[in-house]
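First comes the structure, then the notes that go with it.
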Amino acid sequence: MNTIFTFLHFRIKQFSRSIREIGIPLFLILLLVTTGLTFKILVFLSEVQGIEMGIFSLVIIASIHLARKDTHFLKSLTVSRPLLFLAEYSLLLLPVSILLLFLGKIEPAIYWQLGMLPVLLFPAGNFKNNKIAPLVNLDKIPFKYFEIKLGLRRMFFGIVSLYVLALGCSFFIGTLILFSIFLLLILPAFFQEFEPKEMIVLEYEKGNFLRNKICSHLLIFQIALLPHYLLFLFYHFEMWYLGLACFVVLSLGIIFNIVYKYASYRPSVSKIFSNTFQTVFLATLFMPGLVLASIGMIIYFWRKANKNLVYYYA
Amino acid sequence: MLEIKNLAVSYGKNEVLKNVNLTFAPGMIHGVLGINGAGKSTLFNTIYGFKKPNAGSAQFQNRTIQNGDIGFMETSCYFYPMMTGFEYLKLLGIQNQDFDFNKWNELFELPLHEYVENYSTGMKKKLAFIGVIAMDRPILILDEPFNGVDIESNEKLLQLLIRLKSTNKIIIIASHIIESVTRICDRINLLENGIIKTTFEKTEFPILEKELKDSIKLKIDDVLEGLV
Numbered sequence: 004m005n006t007i008f009t010f011l012h013f014r015i016k017q018f019s020r021s022i023r024e025i026g027i028p029l030f031l032i033l034l035l036v037t038t039g040l041t042f043k044i045l046v047f048l049s050e051v052q053g054i055e056m057g058i059f060s061l062v063i064i065a066s067i068h069l070a071r072k073d074t075h076f077l078k079s080l081t082v083s084r085p086l087l088f089l090a091e092y093s094l095l096l097l098p099v100s101i102l103l104l105f106l107g108k109i110e111p112a113i114y115w116q117l118g119m120l121p122v123l124l125f126p127a128g129n130f131k132n133n134k135i136a137p138l139v140n141l142d143k144i145p146f147k148y149f150e151i152k153l154g155l156r157r158m159f160f161g162i163v164s165l166y167v168l169a170l171g172c173s174f175f176i177g178t179l180i181l182f183s184i185f186l187l188l189i190l191p192a193f194f195q196e197f198e199p200k201e202m203i204v205l206e207y208e209k210g211n212f213l214r215n216k217i218c219s220h221l222l223i224f225q226i227a228l229l230p231h232y233l234l235f236l237f238y239h240f241e242m243w244y245l246g247l248a249c250f251v252v253l254s255l256g257i258i259f260n261i262v263y264k265y266a267s268y269r270p271s272v273s274k275i276f277s278n279t280f281q282t283v284f285l286a287t288l289f290m291p292g293l294v295l296a297s298i299g300m301i302i303y304f305w306r307k308a309n310k311n312l313v314y315y316y317a
Numbered sequence: 704m705l706e707i708k709n710l711a712v713s714y715g716k717n718e719v720l721k722n723v724n725l726t727f728a729p730g731m732i733h734g735v736l737g738i739n740g741a742g743k744s745t746l747f748n749t750i751y752g753f754k755k756p757n758a759g760s761a762q763f764q765n766r767t768i769q770n771g772d773i774g775f776m777e778t779s780c781y782f783y784p785m786m787t788g789f790e791y792l793k794l795l796g797i798q799n800q801d802f803d804f805n806k807w808n809e810l811f812e813l814p815l816h817e818y819v820e821n822y823s824t825g826m827k828k829k830l831a832f833i834g835v836i837a838m839d840r841p842i843l844i845l846d847e848p849f850n851g852v853d854i855e856s857n858e859k860l861l862q863l864l865i866r867l868k869s870t871n872k873i874i875i876i877a878s879h880i881i882e883s884v885t886r887i888c889d890r891i892n893l894l895e896n897g898i899i900k901t902t903f904e905k906t907e908f909p910i911l912e913k914e915l916k917d918s919i920k921l922k923i924d925d926v927l928e929g930l931v
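Line by line, the protein sequences are chains A and B.
Throughout the first sequence, residue numbering follows the working numbering, covering 4 to 317 in sequence.
Throughout the second sequence, residue numbering follows the working numbering, covering 704 to 931 in sequence.
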């Protein structure tokens, strides 16, 4: 039992360190944005049934459980792992349960807290399998688009099937919007890993590194999406502004992910430490009235990325 | 000539390198020895530009050292994910059109068309080593190049480094395997608590080995007395 308490204490410490890493002023901004989101969640929670909350909780915890990377470390502990997972996940779900109880929703609160129990029957961290041989030869894609190669190799079948499905269903008005949202959600997976110094130097020495990278990636992403835009205009020309909105929002998403990557860049570190700002950025895109904040974030991280690159490579 | 002048580096209040002065001549293999935390990796990271110094500089051929001067092999080799060994080498060798990947790979027989993630620790070291050669930089910095490498490959690496000397490169090595270092190095700098304690020439290596062994024995005797 002591080990479990020590472990939970360690997790709380990790959380407080993350807040310190973000910085108090930015954490307060984050809090403001999440307050808006919390309000939306509250409205949603006031309408849901218990069983739905259980399924919701199960899906969230399963996605965390199956992608855990600390399984080797946990095996070295003598404590019962299901018990440890139970304690950890219960703590994670507790704030929403308290919120539900506060709203007088006792049944959904119980379902929410207990819905994750089936997850404990499965071994943790089994979702990712890196031992897959290259499925697609992407030699035709130039080296400078290594992020695109990485993203495609990671999610090739998912991306290609959804791409084709979205093309096939383009006569539905919401298809382009849903496909754009899907792309916005997966974009961080393309840009969350840092390349070794040599890979940056090769492009940096040519000058205008950040601008060139953004322009070339915007071009390649938007060219790939051109059939979707054209089909959207073919079927729903009167709603052209929706297509334009998707184009703008996706462009903002691509720009943000690139500038955020290099603003967070540190040599000898393999990937972005925290995805908090990517989540905040997405929230600002989806919440009416906050789109300007997303542009503000792009400008802020662009400057930071430039300073960062100058520090290491100028 | 690579000259390190009055280099001082700290992490917060922790002063890791204190007024380090070193000279590395071309056509020689230079060793940097020191216990864990002595400042070897910090020294390399600073020369390579990963860490900014508080004071001092690294000068190559009487100018500030540049990104394109150094081929650096880190202790723990990091590779971009979902990249094959072939893609990695092709990328690093982009400015070296004459580099024959397949010929070099005959030395280590790596599965170049597999993802690097699937390689063992030793295989990753060997790939990183070929990568450093592919870059064809005038300065090679190798931090623990022999870690995790099998006996045969270790010997190949040693032979290869001896041959690379003739290309007039500056080769700097840090390793804990003292036998390998004393065998190939021409000069060894002993780093202790962030300062260069002594520099040993080839003829003085037996003295260095004896000094190291004696000091370690002294520490062991001191700590283990009454324990084991």
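We put the CB at the ideal spot given by N, CA and C, even for glycine.
Closer than 7 Å: residue i CB and nearest the ligand PLP heavy atom
i, result
"N717/B", "Questions concerning the ligand PLP fall outside what the structure shown contains, since it holds no ligand whatsoever."
Chain-order list of residues whose beta-carbon lies under 7 Å from that of residue i (same chain, five-residue window excluded)
i, result
"I887/B", "I732, L861, L864, I865"
"T932/B", "Residue 932/B is absent from the structure shown; chain B starts at 704 and stops at 931."
"G752/B", "N770"
"C780/B", "K827, K828, A831"
"F185/A", "L165"
"K200/A", "P270"
"L725/B", "I707, N892, I899"
"L233/A", "none"
"G246/A", "L179, Y232, F235, L236"
"Y714/B", "none"
Status (buried if at least 16 other CB within 10 Å, exposed otherwise) for residue i
i, result
"A70/A", "exposed"
"Q281/A", "buried"
"F237/A", "exposed"
"T749/B", "buried"
"M704/B", "exposed"
"I298/A", "exposed"
"W243/A", "exposed"
"V926/B", "exposed"
"P324/A", "The structure shown does not extend to residue 324/A, since chain A spans only 4 to 317, so no value can be given for it."
"Y268/A", "buried"
"A169/A", "buried"
"V163/A", "exposed"
Under the three-state DSSP convention, the category residue i falls into
i, result
"G759/B", "strand"
"S733/B", "Sequence check: residue 733/B is His here, not Ser. Note: H733/B maps to strand in three-state DSSP."
"L141/A", "coil"
"Y714/B", "strand"
"D839/B", "coil"
"L725/B", "strand"
"G834/B", "helix"
"V926/B", "helix"
"G788/B", "helix"
"N260/A", "helix"
"M776/B", "strand"
"R14/A", "helix"
"L720/B", "strand"
"T824/B", "helix"
"K903/B", "The sequence shown places Phe at residue 903/B, rather than the Lys named in the question. Three-state DSSP puts F903/B in a strand."
"I874/B", "strand"
"F150/A", "Note on residue identity: the sequence assigns Glu, not Phe, to residue 150/A. Of the three classes helix, strand and coil, the one that applies to E150/A here is helix, per DSSP."
Other residues of its chain near residue i: CB distance less than 8 Å, five sequence neighbours each side excluded
i, result
"L213/A", "I261, V262, Y265, W305, A308, N309, L312"
"Y148/A", "S219, H220, I223"
"L915/B", "L736, I881"
"G825/B", "G851, V852, D853, S856"
"L288/A", "L187, V252, L255, G256, V294, S297"
Contacts around residue i, its chain only, beta-carbon distance under 6 Å, and the 5 residues preceding and following it disregarded
i, result
"F193/A", "E150, G154"
"M300/A", "F284"
"V884/B", "G734, S878"
"L61/A", "G118, M119"
"G742/B", "V719, L720, L894, G897"
For residue j and residue i, believed in contact at Cβ under 8 Å, the rounded distance
i, j, result
"L795/B", "G740/B", "Actually they are not in contact, since the Cβ atoms of L795/B and G740/B sit about 30 Å apart, beyond 8 Å."
"V819/B", "F782/B", "4 Å"
"A127/A", "L11/A", "About 16 Å; that fails the 8 Å criterion."
"I842/B", "K868/B", "Actually they are not in contact, since the Cβ atoms of I842/B and K868/B sit about 13 Å apart, beyond 8 Å."
"L816/B", "F789/B", "Correcting the residue identity first, residue 816/B is His in this sequence and not Leu. That pair is a contact at about 6 Å."
"G897/B", "V719/B", "5 Å"
"D839/B", "N805/B", "Not confirmed; about 17 Å, so no contact."
Against chain B, which members of the region 253 to 287 of chain A pass a CB distance test of less than 8 Å?
P270, S271, S273
Residues of the region 143 to 177 of chain A in Cβ contact with chain B at a cutoff of 8 Å, in chain order, please.
F146, F149, K152, L153, R156, R157
According to a CB-to-CB cut-off of less than 8 Å, which residues of the region 757 to 772 of chain B neighbour chain A?
N770, G771
The region 775 to 797 of chain B: which residues have C-beta closer than 8 Å to a C-beta of chain A, in chain order?
F775, E777, Y781, F782, Y783, P784, M785, M786, T787, E790, K793, L794, L795, I797
Just by C-beta distance, which residues in the region 730 to 753 of chain B are closer than 8 Å to chain A?
N748, Y751, G752, F753
What residues in the region 818 to 840 of chain B have a beta carbon less than 9 Å from any beta carbon of chain A?
Y818, E820, N821, G834, M838
Which residues, in order along the region 202 to 235 of chain A, keep a beta-carbon less than 8 Å from a beta-carbon of chain B?
M202, V204, L205, Y207, E208
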